[in-house]
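One structure below.
Protein chains in written order, with my numbering: chain A, 3 to 272; chain B, 70 to 725; chain C, 355 to 783.
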């Protein structure tokens with residue numbers, strides 16, 4: 003398929019990418035959020051697009067380092083909608099996007115800090131009245147009024163969608179990995195601070211937040227008629243712990259055993 | 070007629086040379102400023118040439134003598150020719166001396182010519198093939214032209230035809246040897262080389278009257294506080310002027326090419342070509358005129374550049390491809406071999422810095438490793454709180470609890486690698502057997518920054534280094550001992566610039582000291598033939614070749630040496646982030662090294678570096694030699710029946 | 355023959371009591387021809403064969419069961435139905451006090467285990483007050499191939515199978531759910547928090563209803579103080595936080611959660627409800643259909659089924675053929691990559707890609723520690739190797755020792771044969 007995009011600079015697509023402060027899963031250090039960085043990468047992969055980065059949130063040293071991570075992907079500036087630490091950023095973001103609406107809004111599926119419910123893109127789409135699509139794998143083609151994209155399905159499968167602009171597209175781990183953030187542009191890039199009233203998130207204040215407890219593993223519950231059957235099932239160790247070894251099997255027997263396992267696991271397509 | 074022609078030829082050659090010199094110097098001055106002591110540098114040239122440079126050249130005896138005869142003969146002949154023929158002062162002994170000098174030079178040039186009959190692949194061809202003829206033309210021409218001057222032949226012997234022929238020969242010689250020196254011919258190396266010796270960026274490498282030169286192998290830091298300072302080298306003009314001068318000094322002898330592990334493995338790197346490309350870039354143009362071995366797999370003539378254009382293009386081609394720069398293992402074999410004292414590794418890392426810090430284009434796993442270093446302080450992305458999990462049963466004394474110890478044991482990132490944990494266990498066992506008072510930093514330790522720096526990420530290196538220095542500053546210790554030569558090198562040679570100065574020993578050095586002091590008793594070894602692989606960062610970077618061998622000898626093994634060992638040791642392929650950037654070649658560097666091992670017939674190869682262990686053990690081959698760290702060999706040979714001495718108590722007793 | 359097994363408690367008791375005078379007779383009767391483990395020897399002494407006693411347990415250890423059931427096991431496990439499940443209690447809720455709406459993912463038209471957990475959760479909500487039980491309404495898009503809604507705990511079933519809801523039609527589906535909200539006004543909406551199913555639909559629904567949903571829910575507990583009588587624990591901040599809050603109307607439950615047990619003791623009515631009239635929705639998202647993806651081009655980290663090749667492969671053509679036939683993604687050990695047989699991006703292991711496949715078939719890979727690290731997170735590992743002592747065999751759930759080329763060829767034949775049979779069956783149906 004030819005990669006047709008608007009060729010004149012005036013017709014360049016306005017793309018905004020919402021970026022948030024990420025958190026490294028092992029050390030908890032702030033960083034560029036992985037999905038948001040992938041969204042930025044998807045935007046950078048578009049020909050003839052004017053890409054703008056937007057972050058709404060509290061501005062401090064730690065978060066600045068993380069935001070500079072996005073600038074290091076090759077941006078001169080990032081729009082920072084400054085908010086109080088306890089703010090619900092949705093109203094401020096909605097206002098900002100209403101004032102200067104892009105044609106395409108990209109963001110990660112969910113944040114790595116805070117509630118991280120992944121609702122924000124949907125709320126934005128709902129309040130802006132734009133369509134929203136999740137799980138972007140690749141943007142194939144951009145026309146003045148439409149965008150054609152591949153959506154990532156499980157097992158590496160893809161589905162082609164055509165979406166009317168303006169639209170919101172969210173990006174998860176299925177999208178191409180983000181480019182490296184380079185120190186030079188990250189250091190040079192500017193944070194263009196834009197003031198917006200900040201409204202506190204009252205609901206969140208009522209909730210209890212604590213470090214995640216390990217979730218209890220589900221025991222294999224066996225409903226059986228007798229206590230003995232239940233005991234037998236509980237005492238039976240799962241198939242692991244030293245697998246089955248076929249030593250003197252013919253190739254056919256071996257293949258049959260493998261086939262049985264593949265069939266049980268359901269990885270063979272019909 | 071000759072007495073008219075010769076002075077004209079000589080002085081016009083000298084004038085042209087002077088013009089060329091100015092032009093050449095202006096090429097170098099395109100580079101960034103780098104202050105050097107001009108007078109002292111120039112004054113040091115003879116010593117640096119005769120002692121330090123000759124030390125390298127003398128590794129090849131025949132070539133060394135050839136060079137002495139040819140170059141010495143030429144310098145003397147030229148100086149005398151100016152006097153005798155230029156100024157017409159042929160009286161007395163001068164003419165005879167000139168005859169002797171040109172005769173010596175002729176003999177030398179015969180050897181040069183012999184070498185060019187079937188030249189080894191590492192030598193450049195092209196204009197270099199005519200050099201012996203030029204040398205012969207000059208020496209013969211001067212010799213014959215001088216014969217009348219000393220009265221052996223009548224002044225007008227041979228008539229005008231001979232005179233014209235002689236003048237032509239001398240003119241050819243002068244063109245090649247005098248103004249060719251400054252206009253870019255093969256003899257350029259003499260002019261640029263002499264000045265390079267004078268203004269070398271690592272003057273401490275050279276010996277002085279006070280003593281021999283020091284190893285100077287640590288990379289130079291970037292100034293990150295200055296937001297305007299360039300981050301690495303983008304264009305040839307971003308090199309410092311004396312680096313450009315250094316590139317110009319290249320004599321294209323190809324010794325670097327012959328020892329480069331990446332070149333041998335068929336990766337697209339040839340140190341000689343890289344230096345020549347920098348020369349091309351400095352003057353502007355294409356590499357089509359290059360007459361040596363190309364980068365493996367890359368044709369000559371497709372790359373071009375100019376002094377202010379990018380060396381590596383973001384897209385397409387420029388002067389050099391990025392994968393050429395990422396093929397380097399920073400083993401320093403090229404620097405060690407270079408008779409012109411060119412610093413290839415510095416240049417490569419300078420260019421890598423730009424690719425990483427400005428392009429954000431560290432290939433393959435590079436970006437991931439750097440991200441891990443930033444987020445978790447180790448390249449593997451492991452939980453920094455789990456650095457001591459491997460030693461849960463060892464109860465290692467922690468610096469945080471002790472505050473001081475004689476020896477700070479720097480464990481390195483090998484703590485996350487199951488193979489290296491065996492080495493570390495062995496080392497702890499040895500230290501305990503010797504009763505050494507040691508402690509570890511535990512979870513306070515971070516990656517030393519070696520990999521980040523070699524991958525060009527100076528920012529991450531400095532961040533790690535500064536935090537490590539701050540940690541180390543809290544504790545008192547006499548010295549740091551580590552089994553990782555990369556950490557060793559960085560701690561000993563590269564932290565100094567950032568304010569951390571420590572006495573650092575490699576564990577082989579330290580174990581050798583313990584053995585010599587009698588703190589360890591060893592059983593008779595049952596090991597067979599053992600060979601030793603010198604890690605680059607221990608040997609070439611830090612000059613420690615003896616201690617590991619002394620330890621092996623103390624173990625009583627039959628020690629055999631590989632063809633390439635000591636300062637000529639071949640890299641395992643694990644340095645400089647090469648396994649991370651993983652540029653494909655025709656074969657793998659560790660496979661070649663294990664072939665070297667098997668040629669010795671050794672059943673075991675002793676190593677002293679976690680990288681080398683990992684690379685060499687990764688070789689899959691029939692009957693591959695066993696790879697063991699020195700610490701493991703010593704730990705296995707410990708005589709545990711001997712009473713363990715408590716080093717601290719003994720010292721206290723001594724003190725009492 | 356009658357399914358009903360008549361037990362004789364007395365005989366079972368005698369069988370358990372080794373000192374009873376009739377013990378041996380009863381054993382013989384119950385054992386029905388099993389090799390006797392005791393017999394009188396020629397000199398009149400009782401000889402025992404300890405090897406004949408007991409049975410081999412599921413973990414391969416010999417077990418001796420004195421409970422007496424073993425002897426009866428040969429006939430049938432007493433009282434159980436064929437599948438060993440006890441009979442379920444039938445529950446009908448005629449006039450529910452409230453409704454709990456559940457939108458299962460129905461991947462492939464069947465209830466997944468995640469869906470069943472979710473229905474279990476719905477039952478907890480519905481059955482909390484036995485005096486005023488609620489009903490669970492399952493809302494199903496498209497024609498479900500599932501027949502076990504009743505067993506999974508569904509009281510009412512709404513099937514929405516209009517063509518415009520088929521495929522990827524989130525906007526039409528949300529319009530449909532909004533119509534159900536209006537006609538049925540359920541008290542709770544429960545959806546699975548899965549990437550491209552309930553997770554997306556639920557968030558759209560919450561945004562449409564103006565509810566702040568409980569996303570990443572994994573536990574609920576009764577709490578009289580909250581509006582709906584429950585509070586919820588949800589995962590937030592990329593799984594690093596637990597958020598405890600009142601249960602809102604819309605909840606998205608995590609897959610691997612202990613949120614609820616699937617229904618197992620009751621069977622429900624699953625009575626079909628007529629779907630409400632659906633409004634015309636204006637769709638701005640057009641589904642252009644699935645794109646054929648070559649399994650070989652699927653990123654290793656994403657792949658679900660990997661056929662990995664190592665040093666032991668001689669017949670590379672056969673290997674590639676097998677990968678194509680099985681529809682597996684190709685992977686490789688470092689050596690296979692270094693030797694140039696496979697591209698670098700196919701390398702599995704500590705220095706290559708860490709894979710998370712459900713099934714990882716390692717052919718001719720001996721299992722260097724770096725490689726094993728890379729497959730840590732694979733569910734099932736199958737090893738094909740000539741060396742029975744290699745580390746990969748130790749890691750494998752199933753190992754076949756033998757020539758890889760022959761085994762792969764046999765496997766391809768077997769899979770193709772199965773496909774033909776399958777195709778035949780479908781044609782017949």
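By construction, the Cβ of each residue, glycine as well, lies at the ideal position given by its N, Cα and C atoms. Only a predicted model underlies this, so the values are computations on that prediction, with no experimental measurement involved.
Discussion item. For a cutoff of 7 Å on Cβ pairs, would you count residue 676 (chain B) as touching chain C?
Written reply: no
Discussion item. Report the CB separation of residue 445 (chain C) from residue 476 (chain C) in whole angstroms; it is logged as a contact under 8 Å.
Written reply: Not really, about 13 Å apart at Cβ, beyond 8 Å.
Worksheet item: In this structure, does DSSP put residue 558 (chain B) in helix, strand or coil?
Response: helix
Worksheet item: What distance in whole Å lies between the Cβ atoms of residue 489 (chain C) and residue 453 (chain C), which are believed to be in contact at a cut-off of 8 Å?
Response: 6 Å
Discussion item. So residue 176 (chain A) and residue 134 (chain A) are supposed to be a Cβ contact under 8 Å. How far apart are they, rounded?
Written reply: Contact doesn't hold; Cβ gap of about 16 Å is too wide.
Practice prompt. Please compile the residues from chain B whose C-beta is within a distance smaller than 9 Å of the C-beta of residue 176 (chain A).
Written response: By Cβ distance, chain B contributes nothing, its closest Cβ being about 18 Å from residue 176 (chain A), past 9 Å.
Item to complete: Give the interface partners of residue 155 (chain A) over in chain C, defined as CB-CB distance under 7 Å, in chain order.
Response: 550
Practice prompt. Count the other C-beta atoms from every protein chain shown that fall within 10 angstroms of the C-beta of residue 595 (chain B), then say buried if there are 16 or more, exposed otherwise.
Written response: exposed
Practice prompt. Would you list the residues sitting across from residue 734 (chain C) in a DSSP beta bridge?
Written response: C:713
Discussion item. Measuring only the C-alpha atoms, how far is residue 763 (chain C) from residue 672 (chain C)?
Written reply: 7 Å
Worksheet item: Applying a beta-carbon distance threshold of less than 8 Å, which residues of chain C neighbour residue 689 (chain B)?
Response: 665, 689
Discussion item. Check for me: the alpha helix (DSSP H) holding residue 498 (chain B) runs from which residue to which?
Written reply: 487 to 502
Item to complete: Kindly list, in the order they appear in chain B, the residues whose Cβ is closer than 9 Å to that of residue 50 (chain A).
Response: Correct list: empty, because the minimum Cβ distance to chain B is about 17 Å.
Worksheet item: Taking the beta strand (DSSP E) that residue 662 (chain C) falls in, what are its first and last residues?
Response: 659 to 663
Fill in: Distance, residue 691 (chain B) Cα to residue 423 (chain B) Cα
42 Å
Practice prompt. Please report how far the alpha carbon of residue 23 (chain A) lies from the alpha carbon of residue 40 (chain A), in whole angstroms.
Written response: 14 Å
Item to complete: Classify residue 473 (chain B) as buried or exposed, calling it buried when 16 or more other Cβ atoms lie within 10 Å of its own Cβ.
Response: exposed
Worksheet entry | Residues near residue 650 (chain C) in its chain [Cβ-Cβ closer than 7 Å; skip 5 each side] | 677, 683, 684
Worksheet entry | Collapsed DSSP secondary structure at residue 40 (chain A) in the structure displayed | helix
Discussion item. Please tell me whether residue 133 (chain A) has its Cβ less than 7 Å away from any Cβ of chain C.
Written reply: yes
Worksheet item: Expressed to the nearest angstrom, what Euclidean distance is found between the alpha-carbon atoms of residue 60 (chain A) and residue 90 (chain A)?
Response: 11 Å
Item to complete: Report yes if the C-beta distance between residue 521 (chain C) and residue 498 (chain C) is below 7 Å; otherwise report no.
Response: no
Worksheet item: Roughly how many angstroms lie between the CA atoms of residue 369 (chain C) and residue 614 (chain C), to the nearest whole one?
Response: 41 Å
Fill in: Reduced DSSP secondary structure (H/G/I, E/B, other) of residue 120 (chain A)
coil
Worksheet entry | Per DSSP, cross-strand counterpart(s) of residue 619 (chain C) | Residue 619 (chain C) is not bridged to any residue.
Fill in: Where residue 214 (chain A) meets chain C, residues with beta-carbon distance less than 7 Å
589, 593, 594, 595, 596
Discussion item. Going by DSSP in three states, residue 352 (chain B) sits in which element: helix, strand or coil?
Written reply: helix
Worksheet item: Using a beta-carbon distance cut-off of less than 8 Å, what residues from the region 164 to 196 of chain A approach chain B?
Response: 181, 182, 183, 184, 185, 186, 187, 189, 190
Practice prompt. Return the CA-CA distance between residue 344 (chain B) and residue 508 (chain B), expressed in angstroms with no decimal places.
Written response: 45 Å
Fill in: Cβ neighbours of residue 620 (chain B) in the same chain (closer than 6 Å, five flanking residues each side left out)
577, 580, 581, 699
Discussion item. Buried or exposed, going by whether 16 or more other CB atoms sit within 10 Å of the CB of residue 114 (chain A)?
Written reply: buried
Worksheet item: Any idea what DSSP makes of residue 365 (chain C), helix, strand or coil?
Response: helix
Worksheet item: From what residue to what residue does the beta strand (DSSP E) around residue 233 (chain B) run?
Response: Element bounds for residue 233 (chain B): not the beta strand (DSSP E) but the alpha helix (DSSP H), 228 to 243.
Worksheet item: How many angstroms separate the CA atom of residue 592 (chain B) from the CA atom of residue 645 (chain B)?
Response: 38 Å
Discussion item. Measuring straight from C-alpha to C-alpha, what distance separates residue 553 (chain B) and residue 678 (chain B)?
Written reply: 5 Å
Worksheet entry | The beta strand (DSSP E) enclosing residue 210 (chain A), as first and last residue numbers | 210 to 213
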